Structures are given as C-alpha cells and as structure tokens.
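Each residue of the sequence shown is one higher than the one before, counting from 27 in my numbering. Beta carbons are placed, not taken as given, at the ideal position from N, Cα and C, and that holds for glycine. None of the values given here were measured: they were computed from a predicted structure.
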Amino acid sequence: MVVKTPPMGWNSWNTFGPNINDELIRTTADAMVENGLLEAGYNYLVIDDCWSLKERDGEGKLVPDPVKFPHGMKDVADYVHSKGLKFGMYSCAGTRTCADYPGSFDHEYVDAKTFAEWGVDFLKYDFCYRPNFVPGHLLYKKMGTALANSGRDILFSACSWGHQETHKWIKTTGAHMWRSTGDIVDSWASIRDLTMHQINIWDYNGAGCFNDMDMLVVGMNGKGNVGLTGCTFEEYKTHFSVWAMFNSPLMIGCDVRNMTDETKNILLNKDVIAINQDPACRQAYLVEADNWWSGRVYMVAKQLDNGDVAIGAFNLGDNEEWPNFQLDSMGLGYATGKKLVCKELWTGETCEAVDVMRFPKLPAHGCRLFRCKVVDA
Ligand code: GLA
Numbered sequence: 027m028v029v030k031t032p033p034m035g036w037n038s039w040n041t042f043g044p045n046i047n048d049e050l051i052r053t054t055a056d057a058m059v060e061n062g063l064l065e066a067g068y069n070y071l072v073i074d075d076c077w078s079l080k081e082r083d084g085e086g087k088l089v090p091d092p093v094k095f096p097h098g099m100k101d102v103a104d105y106v107h108s109k110g111l112k113f114g115m116y117s118c119a120g121t122r123t124c125a126d127y128p129g130s131f132d133h134e135y136v137d138a139k140t141f142a143e144w145g146v147d148f149l150k151y152d153f154c155y156r157p158n159f160v161p162g163h164l165l166y167k168k169m170g171t172a173l174a175n176s177g178r179d180i181l182f183s184a185c186s187w188g189h190q191e192t193h194k195w196i197k198t199t200g201a202h203m204w205r206s207t208g209d210i211v212d213s214w215a216s217i218r219d220l221t222m223h224q225i226n227i228w229d230y231n232g233a234g235c236f237n238d239m240d241m242l243v244v245g246m247n248g249k250g251n252v253g254l255t256g257c258t259f260e261e262y263k264t265h266f267s268v269w270a271m272f273n274s275p276l277m278i279g280c281d282v283r284n285m286t287d288e289t290k291n292i293l294l295n296k297d298v299i300a301i302n303q304d305p306a307c308r309q310a311y312l313v314e315a316d317n318w319w320s321g322r323v324y325m326v327a328k329q330l331d332n333g334d335v336a337i338g339a340f341n342l343g344d345n346e347e348w349p350n351f352q353l354d355s356m357g358l359g360y361a362t363g364k365k366l367v368c369k370e371l372w373t374g375e376t377c378e379a380v381d382v383m384r385f386p387k388l389p390a391h392g393c394r395l396f397r398c399k400v401v402d403a
C-alpha cells in the first residue's frame, strides 16, 4: 500500500477518550458525510483506545467490549464502509495499551489477521507498556510486516511520539505516518510547542510516510477528553494552517456531530486542504528571515506541484508583528524578473510581491497563508 498524500479523517480520542460506543461511531459516520467532511477528503474514521475487553479470549484474540460494541466490530466496519468511509482501529506495540487494555506485543500476526477480518483499513499503533529489551524499530517492523501480510490494505499509523529518534528508522517499518510529538491538548501552548518541535525534523517528512503532528483540536473549544483551555478562532486557524503546510495528516478530533460554523469554515477550507494534499508532497522550509526575525514568527514556504508556492506566516509569539522577507530567500529575487501574485487562503484577499514580501499586522497567535503564482514582473 502506498500512501501518496497525508491521510485525513477523524479519531475518537481527543473528544471522547474512553467514552466510545457503537452509536457514537455510526452517528459520527453519518455526520462526516452530511457535513461534507468526506467530500472534502476526510475519509478515515478511527476508533482509538478503550474499545476492547481488558483481557483476550481463550484463543488469544482481542474482544470488542460487548457493552460498547454489542454488534461487534465487523458490523461497525460494514456500516462505516456503507457510508463511503474507511474504518480505523487502535492497538499498541506493548503488552497493554496506554489506557491499560491488551496490547499487541507477541500477538502481532493474530491481531493483524483479526483486524483484516473485521474490515479495518487503518491501524494506529501506540508505544506504551513496551518491553525494554526490544527496540522500537523492531516492534514497529513486526506489526508493519504483519499488516502487510494480513490480506488487506491497512494504513499503518505509528504512534511512538518521536521517542528513540523515531524519524531515523520509521520509514523502514512499513509505517505510513508517524507521530513526531507527545500528545496534543486543546490549548494554544500545546499548538505552539508542537509547531516549534518540527523545525529539526522536517527532512523526515514526505510521500509514503508522513510526519504526524497529532490529531487536530480545531473545534473542541475546551470540551472533551483533551479539552483544556480551548483556543480562539484565530489560534485554531493557525493550528490548521501549520498542520496543512507541514504535510501532517489531518485527523479531526472534535465532535463532528456538533460543529459550529466557525469550525466548519476551518476544517472545510478547500484551498488550505489543497496545500496539505498537494500531490508533490514537498516539505515546507523556513524562509530566511531578515531584521524582523525575532524567533516568534515562523515564515514558511512550500513549492507546489503546479509551480505555485505556498507561503505561511505564523506568529507564535504573544505580540503583534509586522514581518517581511526578501523573496531572494526562496530563489525569487529581483534578478529573476518575476513577481508573486498571491491569494490569502482565509480571507480571499489578493496581493503582489516583487523582491520583498511585506505583511500587514499579524496578530498574536495569528497566521496568513498564501497561495502564490510566479509571473513576469
Ligand atoms: C497515547 C497516544 C494518544 C492516544 C492515547 C490513548 O497517549 O499518544 O494519541 O491514542 O494514548 O490511550
């Protein structure tokens, strides 16, 4: 299975934690179709931790909790598939999952077969309760090989939080995406810290195996399992823009059955999604800053498949900023005879830049995200 662009979908953990059940999954599937999320590209519906009984059955198989999932998992998967969505589940490389349910250590092949029989299309694979004597790369190779031989195409979503220098070995394991960070929570500080964490690992992102910055908190507004202070609309926009620019998988974490219009405006912004899903999958890079650089604004660019460039300015600081930068640092200096004609993807406003790109006021925690054409000056 080759995964060409960052996976998109929904995951139960951020909002629902252990409070998952058959009805939640079915109504979420309905909502993903009715709200236009599926049409926008969010095609994986993933059940996270806490779906099974605390122990395996007599044959060593995982057992769905009969109270939460009275019709079993195949039935849930069939329903999700009937909506045109793909179905994801969760397990762990250790002996127990992070929430203390049975993990897949030493049961990789039986579990991969079980998931395939249930019709699972995506497996998130966590890193808790792992035996100290087995290095992470072997744990993920084991499950990667088991999934690849399960008889079904199953997207392998590794979740080792960047531990043991995950970036250096994850592409050898069969994983299609890999968590580069600890867990997100619904606060600006968490979004800022996860963003800053990316700077030294951008090179390890790309088609086939995407750097997963964790599930989105857009639209949680402080509610749910990892709900904390919540964020402002501006902060959620910055969050979504960063994840899009950095080629992170876009896995929604809010309750999609109850989204506000603001939340929908962010999650369904087709232009921003197109930056994330650009077929070339080139990594973003930090544009060389000149004298405005303060370490608080990240100015990031990314070359797109059709020759356009995306440019993002992300103000991670707590004050307004007026950033600008020389286009030279993108290879587009004055001597090229070219200029940029840009559309801002949140407001729709347009602007041009020759030699230097100047930004009007950028509010604290705010962003601007442009798609620019390169034309004659
Ligand atoms: C870990 C993962 C989270 C979530 C929980 C479930 O913390 O990083 O994304 O899956 O486990 O217990």
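Coarse secondary structure for residue i, derived from DSSP in three states
i	result
L254	coil
W319	Note that W319 scores a pLDDT of 48, beneath 50, so its modelled location is shaky and nothing firm can be said.
W204	strand
E406	Outside the shown range of the chain (27 to 403) lies residue 406, about which nothing can therefore be said.
D9	Past the boundaries of the shown model lies residue 9; the chain is included only from 27 to 403, so the question cannot be answered.
V401	strand
S213	coil
A379	strand
L395	strand
D219	helix
Y127	coil
D238	strand
L63	helix
Y468	Since the first residue of the chain shown is 27 and the last is 403, residue 468 is not available in this structure.
Y360	helix
Y105	helix
K387	coil
P44	coil
Cβ-heavy atom distance, residue i to the ligand GLA, below 7 Å
i	result
Y166	no
Y230	no
A300	no
Y116	yes
N257	The amino acid occupying residue 257 in the given sequence is Cys; Asn does not appear at that position. No, the ligand GLA has no heavy atom inside 7 Å of this Cβ.
W372	no
T192	no
W187	yes
C124	yes
W269	no
W36	no
W39	yes
D91	no
D238	no
M74	Here residue 74 is Asp; the residue named in the question, Met, does not match the sequence. Checking every heavy atom of the ligand GLA against the Cβ of D74, one is found closer than 7 Å.
D179	no
D152	yes
Interface flag, residue i vs chain B, CB-CB below 8 Å
i	result
E65	This model lacks chain B altogether; it includes just one protein chain.
Boundaries of the beta strand (DSSP E) in which residue i is found, first to last residue
i	result
K364	364–370
S473	With the chain running from 27 to 403 in the structure shown, residue 473 is simply not present.
I278	276–278
M383	382–384
K150	148–152
G35	34–37
M115	112–118
Whole-Å CB distance - residue i paired with residue j, under 8 Å assumed
i	j	result
D272	Q224	For clarity, residue 272 is Phe in the given sequence; the question names Asp instead. Yes, they are in contact, since the Cβ atoms of F272 and Q224 sit about 6 Å apart, within 8 Å.
Y324	L342	6 Å
V268	T221	5 Å
I46	K87	That belief does not hold up - the Cβ atoms of I46 and K87 are roughly 20 Å apart, past 8 Å.
W187	R205	5 Å
V89	M115	Not quite, the Cβ-Cβ distance comes to about 13 Å (not below 8 Å), so this is no contact.
V313	V367	Not confirmed; about 18 Å, so no contact.
K109	V59	5 Å
G129	Y155	6 Å
L388	A339	6 Å
F141	I180	6 Å
I217	C185	In fact, because the Cβ distance is near 19 Å, the residues do not count as touching under 8 Å.
R397	K369	5 Å
Limits of the unbroken alpha helix (DSSP H) element including residue i
i	result
D56	48–60
M271	259–271
Y68	Taken as a continuous stretch (DSSP letters only), Y68 belongs to no alpha helix (DSSP H), as it is neither H nor E.
D137	134–144
A233	Neither: A233 is in no alpha helix (DSSP H) and is coded neither H nor E.
M169	162–174
N291	287–293
S301	The sequence given here places Ile at residue 301; Ser does not occur at that position. Start and end: 296–302.
Near the ligand COA: residue i beta-carbon under 7 Å from a heavy atom
i	result
D209	With respect to the ligand COA, the structure offers nothing, as its ligand set consists of the ligand GLA.
Segments assigned beta strand (DSSP E), at least 3 residues, entirely inside the region 326–357
335–341, 350–352
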